[in-house]
Amino acid sequence: MNDVVIKEHDLDLERLVQPPISETFGKTVDIFSLKSVEQSVCGGTCSKEPVVVIHGGKYLQCGECTHLHVGNGLTEEELSEHYKESQKYAATYTNPEKAQLRVNQVATPKAEWMLKVYRDLHGNILQDPNVLDVGAGGGHFVKACRDMNLQVEGIELSRPSISFAKNVFNIELSNRDFLGVSADEVKNPRLITFWGVIEHVKDPVAMLKKANDLLKDEPGMVVASVPNFRSGSTIIQMMYPDTAVRHIGPIEHGNIFTEKSISRSFEKASITPTHAWYFGMDAYEIWTQLVTCGRVKSQDFSVDGFMSDFDRIRESLGIAGGVSQEVRGLVTKLTSLKDSGDFSEALDLLPKLQLAFDEERASDEITLAGIPSSEQM
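Residue numbering for the sequence shown follows this note's numbering, beginning at 38 and increasing consecutively.
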């Protein structure tokens, strides 16, 4: 992972930027037939032609803030119904056998980073903040916060996820629409989190504005974790768009962010970015596409051919060539093991590969923390 403290003169992440089917609520959706819509976080003009097409979802890019959205996506009402009732979507986060593992390995590091940043920003505050986790899923992050003795509450639309949190963690999540929550209905939150949430909604900025409103300009912080377009996962999914499983997906991830667009989203919500954290699952995504999907076993697969396509897309995304050496090392190792079919010897290469993406700020997830603009220090 790569943790970046944004200095005062670099508060605008634009300075850091390098140029730049599916089943829902029990119904099969023909995404090719969905109506195209204009949508950007800054109000700019989007491209007419898609920048990337995944499972038929056509992602258009704003020419100003570089944000991407799926042009032929679901309506707001359809999305809401999907998240309320979808057992299939909730299953991603509600495996009881892996619940504590997810708390320990995923949720707890996020909670620790969040609290460290909050204390860095508000070191004069003696009491730890009340936390409001929006889109709490199965309650893993809420559980991690409680284990750290933080006061925390979670909001979640998915009924299957709410049941999971109650049954597994004995945590009561509130089944409410965040945009409709009043200040009287929450416990004076000083820290509001969106872990993989705002990419799912039609209006990400509205969610951030609501968070800012609830903070009431008192010492507080907003954290949002979003998919990063300029990433290793994007490269491999552009190479193999019909087998993408996570990261870019036209039903759930209607928004894909860049450093510039998540920064612009915060600014539109009157939130000043202060800290960024880069971590992802790019190495896992590459492994999945090559090993799980069986491509590396194909007779016509070649390391040079793969790397030629990989580097072409990498360069188009403005990602430095440092990651290519690590990728080539993994692919070469996998190719040497394909006759035996036992790829376990290559697993130890994945952490080093992921670190290369994280250090290039090319991991598939960006977490941005910020404070209400009136709080600028």
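Note that beta-carbon positions come from the ideal geometry of N, C-alpha and C, so glycine has one too.
Using CA coordinates, which residue listed in the options is at the minimum distance from residue i?
i	options	result
Met276	Val140, Lys247, Arg196, Ser353	Ser353
Ala220	Leu392, Pro197, Asp240, Lys253	Lys253
Glu190	Pro226, Ser84, Gln164	Pro226
Glu257	Asp157, Ser339, Leu327, Thr280	It should be noted that the sequence gives Gly, not Glu, for residue 257. Of the listed residues, the one whose Cα sits closest to Gly257 is Asp157.
Ala173	Ala261, Asp240, Glu402, His312	Ala261
Cys330	Gly378, Phe215, Val168, Glu134	Gly378
Ser302	Ser268, Pro241, Met185, Asn292	Pro241
Val88	Ser381, Leu194, Gly100	Gly100
Tell me which residue opens and which closes the beta strand (DSSP E) that residue i is part of.
i	result
His442	Lying before the first or after the last residue shown, residue 442 is absent from the chain, which here runs from 38 to 414.
Asp348	Run containing Asp348: none in the beta strand (DSSP E); it sits in the alpha helix (DSSP H), 340-353.
Ile192	189-192
Leu138	From DSSP, Leu138 is part of no beta strand (DSSP E) but of the alpha helix (DSSP H) over 136-139.
Thr271	Premise fails: Thr271 lies in the alpha helix (DSSP H), 269-276, not in any beta strand (DSSP E).
Thr311	308-315
Ser84	That residue, Ser84, is in no beta strand (DSSP E); it is neither H nor E in DSSP.
By the DSSP assignment, the alpha helix (DSSP H) with residue i in it spans what residues?
i	result
Lys305	296-305
Lys375	Where Lys375 is concerned, there is no enclosing alpha helix (DSSP H), given that its DSSP letter is neither H nor E.
Leu158	145-158
Val205	196-206
Tyr321	319-324
Tell me the DSSP secondary structure of residue i in three-state form.
i	result
Glu236	helix
Ala243	helix
Ala393	helix
Gly407	strand
Val369	Before going further, note that residue 369 is Thr rather than Val in the sequence given. Helix at Thr369.
Gln164	coil
Phe231	strand
Ser381	helix
Ala399	coil
Leu210	coil
Phe62	With a pLDDT of only 27 at Phe62, under 50, the local geometry of the prediction cannot be trusted, and the value read off the model is given with reservation. Note: Phe62 maps to coil in three-state DSSP.
Ser361	helix
With residue i and residue j assumed to form a contact (beta carbons below 8 Å), what rounded beta-carbon distance in angstroms separates them?
i	j	result
Ala146	Tyr155	According to the sequence displayed, residue 146 carries Pro and not Ala. About 15 Å separates the two Cβ atoms, so there is no contact after all.
Phe316	Asp395	6 Å
Per the contact definition of three or more C-beta pairs closer than 8 Å, is the stretch 384-396 in contact with the stretch 315-335? yes
Between the stretch 286-305 and the stretch 325-339, do three or more beta carbon pairs fall short of 8 Å? no
Determine, using beta-carbon pairs with one atom in the stretch 349-368 and one in the stretch 306-313, whether at least three such pairs fall under 8 Å. no
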